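Trainee:
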Amino acid sequence: DTEVTQTPKHLVMGMTNKKSLKCEQHMGHRAMYWYKQKAKKPPELMFVYSYEKLSINESVPSRFSPECPNSSLLNLHLHALQPEDSALYLCASSRTRTSTDTQYFGPGTRLTVL
Amino acid sequence: AQSVTQLDSHVSVSEGTPVLLRCNYSSSYSPSLFWYVQHPNKGLQLLLKYTSAATLVKGINGFEAEFKKSETSFHLTKPSAHMSDAAEYFCVVSDRNYGGSQGNLIFGKGTKLSVKP
């Protein structure tokens, strides 16, 4: 099974709201990732967790706050977002961060910020 | 530095004809290369990957790719296109630098494949 699940599928929020995106995998992977994808563009890396520790934050604004409560779960907390943050947010996981390990992607959360 | 160039932003084929999506890479190391497919409003699905084993890699749904070191290419092919193949395709290299960026994916800009009936 190579499934990564993400909830919710769609999210509409105002600029003053606080919401969270959730990602889960049960493949025993120890690396998990958040990506942001705008229309007609490739995904852009936001955060990387390795063994439940944040190892990369690609200069993401503080209104995005990641959390890795355990090896199977990854959250992305959202607060005071801007309309330009509207995008598809993808979660991925891989066995480790070795370059030969495949990253498996979830179906994404389509976020709209009003 | 590693990079990926997808030579066509859009490819259009007729159903039942061959598909060729072109990808060139740049890497100082022996690369790990991937092709992913993304259908509209969906996540990315792995089609196939190359990690220095056989140079001809077979993937899902009849796709295959050949790693050619002399040409620094990793083109994706399929003998006969199906309507369900219409999607965005990304050629990807995985960062092999031993450091903070190891394992990060470097994406090409994508090729949109259209399949005409």
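For the record, the sequence lines run as chains A and B.
The working numbering applies: residue 15 is where the first sequence begins, and numbers increase by one.
The working numbering applies: residue 144 is where the second sequence begins, and numbers increase by one.
All C-beta atoms in this analysis are idealised placements derived from N, C-alpha and C, irrespective of residue type, glycine included.
Since this is a predicted model, take the numbers as computed values, not measurements.
(1) Listing by chain order, which chain E residues have their CB less than 9 Å from the CB of A:A45?
(2) Mind listing the chain A neighbours of B:G202? Cutoff is C-beta to C-beta under 7 Å, in chain order.
(3) Mind checking whether A:L102 and A:R124 have CB atoms under 8 Å apart?
(4) Measure the alpha-carbon distance for A:S34 versus B:V258 and round it to whole angstroms.
(5) Between the alpha carbons of A:H93 and A:T126, how many angstroms are there, rounded?
(6) Can you tell which of A:Q39, A:L25, A:V74, A:M29 has the C-alpha that lies nearest to the C-alpha of A:F119?
(7) Can you look up B:S257 in the DSSP assignment and give me helix, strand or coil?
(8) With distance defined between alpha-carbon atoms, name the residue in B:S216, B:Q245, B:A224 nearest to B:G251.
(9) Give every residue of the same chain whose Cβ lies closer than 6 Å to the Cβ of A:P97, excluding the five residues on either side of it in the sequence, and list them in chain order.
(10) Taking CB distances under 8 Å as the criterion, tell me whether B:F250 reaches chain A.
(11) Would the C-beta of B:V156 count as close to the ligand GTP, meaning under 7 Å from any of its heavy atoms?
(12) Alpha carbon to alpha carbon, how far is A:F61 from B:K201? Give it in angstroms, no decimals.
(13) Closest to B:G253 by C-alpha separation, out of B:S244, B:R239, B:V235, would be which residue?
(14) Which residues in chain A have a C-beta closer than 9 Å to the C-beta of B:F233? List them in chain order.
(15) Quick one: any contact between the stretch 212-231 of chain B and the stretch 162-182 of chain B, if contact means 3 or more CB pairs under 8 Å?
(16) Counting only the same chain and skipping the five closest in sequence on each side, list residues whose C-beta sits under 6 Å from that of A:T13.
(17) Please confirm if B:G159 has its CB atom under 8 Å from at least one CB of chain A.
(18) Tell whether a beta-carbon distance below 8 Å holds between A:M41 and A:T19.
(19) To the nearest angstrom, how far is the alpha carbon of A:V74 from that of B:P174?
(20) Among all the DSSP beta bridges, which residues are the ones paired with B:S175?
(21) Got a sec: is the Cβ-Cβ distance from A:S108 to anything in chain B below 8 Å?
(22) Can you tell me which of B:L248, B:A196, B:A230 puts its alpha carbon nearest to the alpha carbon of B:S152?
(23) Report the residue ranges of all beta strand (DSSP E) runs contained in full by the stretch 67-114 of chain A; include only those spanning at least 3 residues, in chain order.
(24) Using alpha carbons as the reference points, say which of B:S223, B:P183, B:S169 lies closest to B:V156.
(25) Distance check for B:Q188 and B:T194, CA to CA, integer angstroms please.
Mentor: Based on what the coordinates show:
(1) The structure shown contains no chain E; its protein chains are A and B.
(2) The premise fails here: B:G202 is roughly 12 Å from chain A at the closest Cβ pair, so nothing lies under 7 Å.
(3) yes
(4) 38 Å
(5) 13 Å
(6) A:Q39
(7) strand
(8) B:S216
(9) V127
(10) yes
(11) Among the components of this structure there are no ligands whatsoever, and the ligand GTP is therefore not found.
(12) 31 Å
(13) B:V235
(14) P56, P57
(15) yes
(16) The structure shown does not extend to residue 13 of chain A, since chain A spans only 15 to 128, so no value can be given for it.
(17) no
(18) no
(19) 28 Å
(20) B:S237
(21) yes
(22) B:A230
(23) 67-71, 78-84, 87-93, 101-108
(24) B:S223
(25) 18 Å
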